Structures are given as C-alpha cells and as structure tokens.
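Here the structure comes first, spelled out in structure tokens, and everything after it is commentary.
In the working numbering, the protein residues as written are 13 to 414.
See below:
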C-alpha cells in the first residue's frame, strides 16, 4: 500500500500536493542563515512548508528526549508563524559519515571536534599514503562515526516530535554511503570474493563474497541501532537512491537494499526518498522505479536534470572529473520543470496519484546557471501548474446511457 504522510489528504495552497522547499543548498551556496532561508521561502508565497537540512540545526539540543521535544516545538512554532509546515528532515551528510568509508571528504561534513582531531593528527605527523590522500587515522574515523550515529538519533527524535505537533509523519531523508563499495563499482581490476590463498591450510583466508552484499553487511551493522530507535518512535528513514550510495540511482541496487531492509525487519521503517534526477541520466525509467517501490517511498524530491543528447559529450556520462556546469558533460542538474528538465514531472505526479501515494513534494534546487532561490520559486510555480487533483472517474462514463 502506498504511503500517506497524513491521515487525511492535505492540499497545497496552489496545488494538489503540498509543495516544500529544501533548505540545504540555498544556505550553503548563498551564506544565508536557516531562519533567513525559511523566511525567504515563506515570503515567496510559492511554498507550503520546508524540508530542513538537519546539519543546519543545533542537534546537540536533541541529544535527549526532553531537549528534542523543546527544540522541535521551537522549530514547529517558528515555521507555523510563517504559515509553513515542516514536511521532512534531511540527514544526508550524517548518514554518509556513518555508512561510508571515513575520509577527509566525509569528515568535512562534520567540522568541530572531529575536524580538530584530524588536524591534530596531521600536526603530530600523520600523513596519508600518496595513493589514498584522503585517508584519516582510525581514531578519527571512530570519532566521526560515533558523532554521526548520535546526530542521526537526534534527527529521529526531532522528526517524532515535529510529527506529533503537526499530526503528520515527518520522514527523515538521507544517505547511507556504500561502505567503500562505490570504489569497486566498475569490475576492473576483477573484484575478489575472498582475501588470501587457500593453497596452504595454514593460510588465513577472509571471505568477502559479493561486494555489494559485503557492503550491506557493514551498513546495516552501523545503522541498526539508529533504525531500531527510529522504529520505536514510528519515524521513517528514506534512502535517496543516488550515485555514491549502496542504492546507486538504479532499480537493481535499490531492490537489493530494500530486500535487505525487509530481511532485517525494517520494512516499515527503512524505505526511499524518491528523486528522479538521479535516475534519468542513467537511463533508468522513473515511472518503473515508482511502480516497483511505491510501498517504500516515504518522501519525494523534485529536482531537474538536463541530458544533452543533441551534441557530443567530451567528458562522457560520468563527467570525466569535471565540475557541475561544465558544458562538456553529458548531463547536469537544472531547476525542476524548466524546458531543460528531462524528468517529466506530470508523468511522475500522475503515477504517484494513480498508485495512491500522498504527501508533500519538496523542491530541491541545484542549477549552475540561475540564482538558486529564485530558481526554486520558479520550480514550485511550475510544479503547481501541473500538480492537479487526480481524476474522480472515467471520462467516457458520460457517454454511458443512464
């Protein structure tokens, strides 16, 4: 059965589904505070609520239930005063830190004591190997994962109480990393299934098996305490199937992840945050994706992607180490619903409606060509134009004799 974020359908003021704004990129790209970002979206008149990037919150205030309840009430009241709801919380960065291979790239998401510990290690002589320049000391990796787990549980507490205050489910969207498996996604050199040689019975041999399954073992071991806490609170975690994740923006790897979640007893807790922009450029059909996984979609991101099929892509489909916005790329993120967008929003909405999914649709803004907050407002307006109520019956019933 398709998921419903509210018991009774809630309209947006300009659309069938409520339309949310994701706060993450506008804060990061334009040096806005969280409060100023939310006020901007409220003043635009284009949004009904927000998905708050939890890394912009003071999560230490939610390290206890009492603290989380008070903090959630402050967030709820602050948004309510602006006539906005909190539809979801994003925990992509914390999830990446917990589930992926810990490196200088991931700890950059955390800063604070973790970053200080890494700097101390460098000051005391730690040097990563030349062919692994982002490696961090094991003590730093342990500190990073411990903080990530604490923060993820804190986000779950906030989601629970925000849901209570608003009488709705507030999913947590996020990443889980790939436990280093993304480095091995292309099978050359060939990927071994075991380490060591069994030629001599005295030899130590470590069984790896399938690389993706091995990574899933690591991810579920690390996330199990977090997801058990979410399950006890009735909070849902939606993995965004995305390149770099163990569910890599395709149907096959996403099914592998969801099947594992079901076997682990998390079918009603661990699901998906649907974002078509990560599928289309990989030639994965978003409609088929929705149809296959509708029972596990807790939240929806609406972000556009341009696929340049009318000219050569000198950097190839994978981008050849170019930055977003480089015109030699085959694809780039654009604001949703623009003439450049290949995600076909109307088909996505029609499919969600047909299958009974009900909840907010959140605009995520990524576009290197336009002012991001302005582009997100335009994306919301375009979404409202096509987000119509579903049909109440067959149109040709009018031709049937009474």
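Just so it is clear, CB atoms sit at the ideal spot from N, CA and C, and this is done for glycine as well.
For clarity, every value in this text was computed on a predicted model and none was experimentally measured.
7 Å Cβ shell around residue 80 - same chain, five flanking residues per side excluded: Along the chain shown, read from residue 1 onward, the residue named residue 80 stands at position 68. These residues qualify, in order along the chain: 74, 166, 169, 170 and 173.
Residues bridged to residue 147 [DSSP beta-bridge criterion]: As a position in the chain shown, residue 147 is number 135, starting the count at 1. In DSSP, residue 147 forms a bridge with 115.
Same chain, Cβ closer than 6 Å to residue 187, five either side skipped, listed in chain order: The residue labelled residue 187 in the question sits at position 175 within the chain shown. Only 104, 107, 108 and 257 meet the Cβ criterion.
Contact between the stretch 297-310 and the stretch 362-372 (3+ Cβ pairs under 8 Å): yes
Rounded C-alpha distance that separates residue 70 from residue 176: Indexing the chain shown from 1 puts residue 70 at position 58. Indexing the chain shown from 1 puts residue 176 at position 164. Each residue's alpha carbon lies about 20 Å from the other.
Sufficient close CB pairs (3 or more, under 8 Å) joining the stretch 282-290 to the stretch 319-333: no
Of the listed residues 223, 136 and 210, nearest to residue 204 (C-alpha basis): For the purposes of this step, residue 204 is identified with residue 192 of the chain shown, where counting begins at 1. It is 223.
Option in 335, 336, 355 and 303 with minimal Cα separation from residue 316: Here residue 316 is taken as the residue at index 304 of the chain shown, counted from 1. Comparing Cα positions, the closest option is 355.
Rounded distance between the beta-carbons of residue 252 and residue 37, thought under 8 Å: Start at 1 with the first residue of the chain shown, and residue 37 comes out as number 25. Start at 1 with the first residue of the chain shown, and residue 252 comes out as number 240. So it is not a contact: roughly 14 Å between Cβ atoms.
Validate contact between the stretch 380-393 and the stretch 25-42 using beta carbons, cut 8 Å, 3 pairs: yes
The stretch 80-90 contacting the stretch 109-120, beta-carbon criterion three pairs below 8 Å: no
Alpha-carbon spacing of residue 146 relative to residue 351, whole angstroms: On the chain shown, residue 146 is found 134 positions in, with the first residue counted as 1. On the chain shown, residue 351 is found 339 positions in, with the first residue counted as 1. Approximately 39 Å between the Cα atoms of the pair.
Those residues which DSSP pairs with residue 313 across a bridge: As a first step, residue 313 is located in the chain shown; it is residue number 301 there, counting from the start. 287 and 374, per the DSSP bridge assignment.
Simplified DSSP state of residue 344, which is helix, strand or coil: On the chain shown, position 332 is the one that residue 344 refers to. It is a strand residue.
Residue 375, buried or exposed, once every other Cβ within 10 Å from all chains shown has been counted against 16: Position 363 of the chain shown, counting from 1, holds the residue named residue 375. Per the 10 Å Cβ criterion, buried.
As assigned by DSSP and simplified to three states, the class of residue 185: By one-based count along the chain shown, residue 185 stands at place 173. Strand.
Per-residue DSSP class, three states only, for residue 251: Here residue 251 corresponds to residue number 239 of the chain shown, with the count starting at 1. Looking at residue 251 - three-state DSSP - the assignment turns out to be strand.
Expected contact under 8 Å - CB spacing of residue 61 and residue 110 to nearest Å: Taking the chain shown and counting its residues from 1, the one referred to as residue 61 is at position 49. Taking the chain shown and counting its residues from 1, the one referred to as residue 110 is at position 98. Between residue 110 and residue 61 the Cβ distance is about 27 Å, and since that is not below 8 Å, they are no contact.
Range of the contiguous alpha helix (DSSP H) that encloses residue 39: As a working mapping, residue 39 is identified with position 27 in the chain shown. From DSSP, the alpha helix (DSSP H) with residue 39 extends over 36-42.
Coil, strand or helix - residue 106 by DSSP: Your numbering for residue 106 matches position 94 in the chain shown. Of the three classes helix, strand and coil, the one that applies to residue 106 here is helix, per DSSP.
contact_flag[the stretch 184-201, the stretch 135-150] where n(CB pairs < 8 Å) is 3 or more: no
Proximity below 8 Å, CB of residue 102 to CB of residue 66: Here residue 102 refers to the residue found at position 90 of the chain shown. Here residue 66 refers to the residue found at position 54 of the chain shown. Yes, Cβ-Cβ distance for residue 102 and residue 66 is below 8 Å.
Residue nearest to residue 245 in terms of C-alpha spacing, selected from 273, 282, 262 and 266: The residue you call residue 245 lines up with position 233 of the chain shown. The candidate whose alpha carbon is nearest that of residue 245 is 282.
Exposed unless 16 or more other CB atoms sit within 10 angstroms - verdict on residue 155: Working through the chain shown from its first residue, we reach residue 155 at position 143. Buried.
Alpha-carbon to alpha-carbon, residue 237 and residue 162: Along the chain shown, one-based indexing puts residue 162 at 150. Along the chain shown, one-based indexing puts residue 237 at 225. Going by the C-alpha atoms only, they are around 10 Å apart.
Endpoints, the alpha helix (DSSP H) within which residue 124 is located: Walking along the chain shown from the start, residue 124 turns up at place 112. Per DSSP, residue 124 belongs to the alpha helix (DSSP H) from 124-135.
Distance, residue 332 Cα to residue 157 Cα: In the chain shown, residue 157 corresponds to position 145, counting from 1. In the chain shown, residue 332 corresponds to position 320, counting from 1. So the alpha carbons of these two residues sit roughly 30 Å apart.
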